[in-house]
Amino acid sequence: MSKNALEALIAPLAVVLAAAALLWLVLLGASDYLVTLIAIVLLNAALAVSLTLTNGFTGLFSLGHPAFMTIGAYVAAILTFSARRKPSMLPDLPAFIAGLELPLLPAVAAAGIVGALVAIVVGFPVLRLRGHYLAVATLGLIVIVQNLALNWDGITRGGAGLAGIPRLASVWWAFGLLVLVVAVAWRIKFSSLGRAMLATRENELAAECTGIDTVKMRLTAFVIGACFAAMAGALFAHLISVVTPKSYSVLLAFNLVVMVVIGGAGSIMGAVVAAAAITGLSEMLRPAEESLGLYGFSQVVVALSLILVLFFRPQGLFGNREPDFVRRLFSGRLFK
Amino acid sequence: MDAVLEAGGLTRRFGGLVAVENYTLRLAAGDLVGLIGPNGAGKTTAFSLLTGVLKPTAGSITVKGRDLTGRKPHVLAEAGLARTFQNIRLFADLSVLENVMAGGHLRYGASLLATLGLTQAFWTSESRITEAARAIIARLGLGEFTDRRAGDLSYGDQRRVEIARALATEPVALLLDEPAAGLNPAETKTLTTLVRKINDELGIAVLVVEHDMRLIMDLCRRVQVLNRGRLVAEGTPEKVQADPAVIEAYLGTRRQRAGHA
Ligand SMILES: Nc1ncnc2c1ncn2[C@@H]1O[C@H](COP(=O)(O)OP(=O)(O)OP(=O)(O)O)[C@@H](O)[C@H]1O
Ligand SMILES: [Mg+2]
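Chains U and D, in that order, give the protein sequences.
First residue of the first sequence: 82, per our numbering; consecutive thereafter.
First residue of the second sequence: 75, per our numbering; consecutive thereafter.
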């Protein structure tokens with residue numbers, strides 16, 4: 082850390098504190114239902130920002146978030162699960178893991194690391210080919226991960242999933258993850274590394290000829306996105322206390338891509354706003370769905386909003402930019 | 075003088091078509107060489123081979139004595155090659171400043187860890203890249219466009235931004251593919267002066283492809299002529315202009331085209 086770093090941190094820190102205070106106020110009078118909803122909105126926002134880091138910054142088309150979330154959820158849940166029940170419930174676990182009963186923080190960190198490692202294994206061969214093969218490869222990864230979770234009973238309990246995961250996460254954990262993801266994405270975007278990523282997206286060939294290792298940029302963005310997705314999966318599991326092989330499916334990948342596109346591919350604030358809007362909207366439509374028997378209606382609305390945005394504002398809410406006042410807010414120059 | 079860029083026997087086939095055959099180049103520090111030839115002669119293909127965009131079917135590329143045949147473009151850029159494109163390729167959605175700063179990443183960009191750790195190295199690197207980019211932008215007279223979206227600039231200004239971005243990589247050799255295409259006479263003159271300055275003042279070797287003969291004759295002390303993928307002449311502008319093989323190359327294609335029409 083340097084003097085510059087301290088100066089650069091003061092304004093964002095103030096923003097985070099203000100946001101935390103606001104959240105605290107809202108939570109004061111909130112019902113349990115609303116608290117959970119807010120936590121889900123925050124986690125979805127973290128997921129959307131991490132996907133815009135991968136897809137928006139470097140022009141990749143990854144659909145892999147649900148796979149990394151599933152991996153993260155299982156890894157973290159296995160680590161935090163009661164050491165008394167683990168050996169009988171998950172007989173195939175190696176003894177040293179069966180005996181562990183970790184707190185949430187190291188479990189989430191481990192989830193992130195495993196997610197990142199899987200992303201390296203998948204990304205390294207695929208990203209050396211052309212970028213768009215990644216969509217197919219990550220789609221395949223979702224299927225592989227789901228099947229692994231389904232069939233590796235001795236560690237995952239198969240189709241029944243893991244239930245009774247300790248409810249260690251809370252809306253504050255979700256808030257913390259969102260802050261972390263936004264901070265990392267923001268720092269990268271407004272740095273040389275971020276410009277190299279955006280250059281890769283804008284014109285791969287020109288970026289290469291300008292000395293940018295485009296494969297490395299894409300792999301970096303893919304791995305960071307996967308790491309955050311796995312951490313979000315871990316928090317989801319400890320928030321709703323179950324994870325099954327089907328918890329996070331292709332449909333979620335679609336919804337996240339929609340959030341990124343609506344927010345503007347590459348826009349961090351756009352992803353946050355779009356994630357909140359879409360999650361809120363789907364939730365508001367739920368009662369209507371149930372009372373009218375129109376199941377899948379909210380999904381149709383999500384798809385419709387995508388079509389509308391593509392039609393009237395193809396660059397999304399903010400294009401790849403950040404709203405001016407947010408930039409000034411984070412840089413501490415609001416009134417200059 | 076030592077060669078900064080050497081190519082020997084470069085050949086590239088596309089299926090049955092031999093786009094470039096046995097192309098040889100020796101570019102010394104401070105050289106300013108022209109590469110001319112009729113449409114489809116293989117000039118752009120030669121550039122792409124030299125910069126690693128295309129892999130040669132045969133032949134070798136050496137930069138400052140290092141054999142870099144078959145390596146990726148970013149490796150050749152790191153070794154000191156920079157280029158512009160016949161059909162401009164900017165980072166259209168980024169500002170002019172960001173375009174040029176992207177060129178600075180190669181030499182001064184901070185690592186991921188330094189960036190996230192907010193170390194002093196990160197701040198040093200950011201300010202170096204910004205300062206260098208602003209200096210290049212000023213030098214090329216692009217100051218008024220600094221914060222404009224690159225894709226919104228006029229054709230001539232976009233060409234200069236491409237050159238600015240290339241300079242930000244601190245090259246030893248700069249390859250310009252038809253830098254004057256689409257420019258008006260005044261812009262062409264500015265460009266000629268600019269290229270000469272880059273060569274003279276910064277000591278960067280330049281290889282320039284152009285159809286504008288006056289520009290080539292003005293600028294270059296040595297000219298190579300390609301025709302149907304083969305080098306048919308090389309020498310001073312005067313010598314090359316008088317060369318029967320060169321006249322034949324240009325007249326030949328013109329006659330052919332007249333025949334097609
Ligand atoms: N990727 C490719 N695949 C197949 N053929 C190609 C490819 N690139 C170039 N060619 C062919 O190779 C030959 C040389 O093309 P090139 O673009 O190098 O010519 P050039 O000298 O740059 O022409 P111009 O003056 O029109 O820019 C042409 O016949 C062209 O059609
Ligand atoms: Mg050409």
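Glycine included, every Cβ here is placed at the ideal spot set by N, Cα and C.
Of the choices the options, whose alpha-carbon is the least far from that of residue i?
i, options, result
"Ala176 of chain D", "U:Gly275, U:Gly193, U:Gly351 and U:Leu123", "U:Gly275"
"Val78 of chain D", "D:Ile278, D:Tyr324 and D:Ala188", "D:Ile278"
"Ala287 of chain U", "D:Asn96, D:Lys117 and D:Val127", "D:Val127"
"Met147 of chain U", "U:Leu362, U:Leu375 and U:Lys327", "Rather than Met, the amino acid found at residue 147 of chain U in this sequence is Pro. Nearest C-alpha to Pro147 of chain U: U:Lys327."
"Phe165 of chain D", "U:Ser322, U:Arg282, U:Phe392 and U:Glu403", "U:Arg282"
"Val331 of chain U", "U:Ser322, U:Val226 and U:Arg367", "U:Val226"
"Ala352 of chain U", "U:Met312, U:Thr219, U:Phe138 and U:Ala311", "U:Phe138"
"Arg140 of chain D", "D:Ala212, D:Asp76, D:Gly225 and D:Gly191", "D:Asp76"
"Val263 of chain U", "U:Leu87, U:Leu94 and U:Glu88", "U:Leu94"
"Pro425 of chain U", "U:Leu259, U:Lys297, U:Ser386 and U:Ala384", "Any answer about residue 425 of chain U is impossible in this case: the structure gives chain U only from 82 up to 417."
"Pro311 of chain D", "D:Asn96, D:Arg233 and D:Val320", "D:Val320"
"Ile121 of chain U", "U:Trp105, U:Val96, U:Glu371 and U:Ala356", "U:Ala356"
"Glu88 of chain U", "D:Gln194, D:Asn161 and D:Ala188", "D:Gln194"
"Leu268 of chain D", "D:Arg213, D:Lys146 and D:Val299", "D:Arg213"
"Thr85 of chain D", "D:Val149, D:Gly303, D:Gly309 and D:Pro318", "D:Gly303"
"Ile194 of chain U", "U:Gly314, U:Ile119 and U:Ala241", "U:Gly314"
"Thr266 of chain D", "D:Asp292, D:Ala224 and D:Thr98", "D:Asp292"
Residue i to residue j, Cα distance in whole Å?
i, j, result
"Arg331 of chain D", "Ala115 of chain D", "With a pLDDT of only 48 at Arg331 of chain D, under 50, the local geometry of the prediction cannot be trusted, and the value read off the model is given with reservation. Near 14 Å, if we compare the C-alpha coordinates of Ala115 of chain D and Arg331 of chain D."
"Ala188 of chain U", "Pro253 of chain D", "56 Å"
"Met350 of chain U", "Leu186 of chain D", "22 Å"
"Ile237 of chain D", "Pro112 of chain D", "24 Å"
"Ala120 of chain D", "Ala280 of chain U", "25 Å"
"Ser163 of chain U", "Leu181 of chain U", "8 Å"
"Met340 of chain U", "Asp251 of chain D", "41 Å"
"Gly239 of chain U", "Thr117 of chain U", "27 Å"
"Ala207 of chain D", "Gly183 of chain D", "13 Å"
"His334 of chain D", "Leu325 of chain D", "A caution first: His334 of chain D carries a pLDDT of 46, below 50, which makes its placement in the model too unreliable to give a value."
"Gly256 of chain D", "Gly230 of chain D", "7 Å"
"Tyr114 of chain U", "Thr135 of chain U", "32 Å"
"Val235 of chain D", "Leu124 of chain D", "22 Å"
"Leu198 of chain U", "Gly204 of chain U", "10 Å"
"Leu227 of chain D", "Thr220 of chain D", "11 Å"
"Glu322 of chain D", "Ile201 of chain U", "56 Å"
"Phe411 of chain U", "Asp286 of chain D", "50 Å"
"Ile178 of chain U", "Leu160 of chain U", "7 Å"
"Ala209 of chain D", "Thr243 of chain D", "13 Å"
"Lys417 of chain U", "Asp405 of chain U", "Confidence in Lys417 of chain U is poor, its pLDDT being 47 and thus under 50, which makes the residue's placement unreliable; the coordinate value appears in the next sentence. Going by the C-alpha atoms only, they are around 12 Å apart."
"Thr133 of chain U", "Gly345 of chain U", "9 Å"
"Val314 of chain D", "Arg87 of chain D", "27 Å"
"Glu364 of chain U", "Leu155 of chain D", "55 Å"
"Leu387 of chain U", "Val323 of chain U", "30 Å"
"Arg408 of chain U", "Gly347 of chain U", "15 Å"
"Arg402 of chain U", "Phe256 of chain U", "23 Å"
"Tyr155 of chain U", "Pro184 of chain U", "15 Å"
DSSP three-state label for residue i, please.
i, result
"Asn301 of chain D", "strand"
"Asn96 of chain D", "strand"
"Glu244 of chain D", "coil"
"Arg163 of chain D", "coil"
"Ala103 of chain D", "coil"
"Gly221 of chain U", "helix"
"Asp113 of chain U", "helix"
"Asp317 of chain D", "coil"
"Val127 of chain D", "coil"
"Gly309 of chain D", "strand"
"Glu283 of chain U", "helix"
"Ala184 of chain D", "coil"
"Leu87 of chain U", "helix"
"Phe88 of chain D", "strand"
"Arg296 of chain D", "strand"
"Asp234 of chain U", "helix"
"Thr291 of chain U", "coil"
"Ala332 of chain D", "Here Ala332 of chain D scores only 46 on pLDDT, less than 50, and its place in the model should not be relied on; the value that follows carries that caveat. Note: Ala332 of chain D maps to helix in three-state DSSP."
"Ile278 of chain D", "coil"
"Arg140 of chain D", "strand"
Three or more beta-carbon pairs under 8 Å between the segment 187-201 of chain D and the segment 164-172 of chain D, yes or no? Contact check between the segment 187-201 of chain D and the segment 164-172 of chain D: fewer than three CB pairs, one atom from each, fall below 8 Å, which does not count as touching.
Kindly provide the chain-ordered list of residues whose Cβ lies closer than 7 Å to any non-hydrogen atom of ligand 2. After applying the 7 Å Cβ criterion, the set is D:Lys117, D:Thr118, D:Gln160, D:Asp251, D:Glu252 and D:Val283.
So, does the segment 283-302 of chain U touch the segment 167-181 of chain U, judging by three or more C-beta pairs under 8 Å? The segment 283-302 of chain U makes no contact with the segment 167-181 of chain U, as fewer than three CB pairs between them are under 8 Å.
The segment 81-92 of chain D in contact with the segment 384-398 of chain U per 3-pair CB rule at 8 Å: Fewer than three beta-carbon pairs drawn from the segment 81-92 of chain D and the segment 384-398 of chain U are found closer than 8 Å, and the two stretches are therefore not classed as touching.
Is the segment 228-237 of chain U in contact with the segment 95-107 of chain U, if contact means three or more CB pairs nearer than 8 Å? Output reads no: the segment 95-107 of chain U does not touch the segment 228-237 of chain U.
Evaluate the contact criterion for the segment 207-220 of chain U versus the segment 308-317 of chain U: three or more CB pairs, one atom per stretch, below 8 Å. No contact exists between the segment 207-220 of chain U and the segment 308-317 of chain U.
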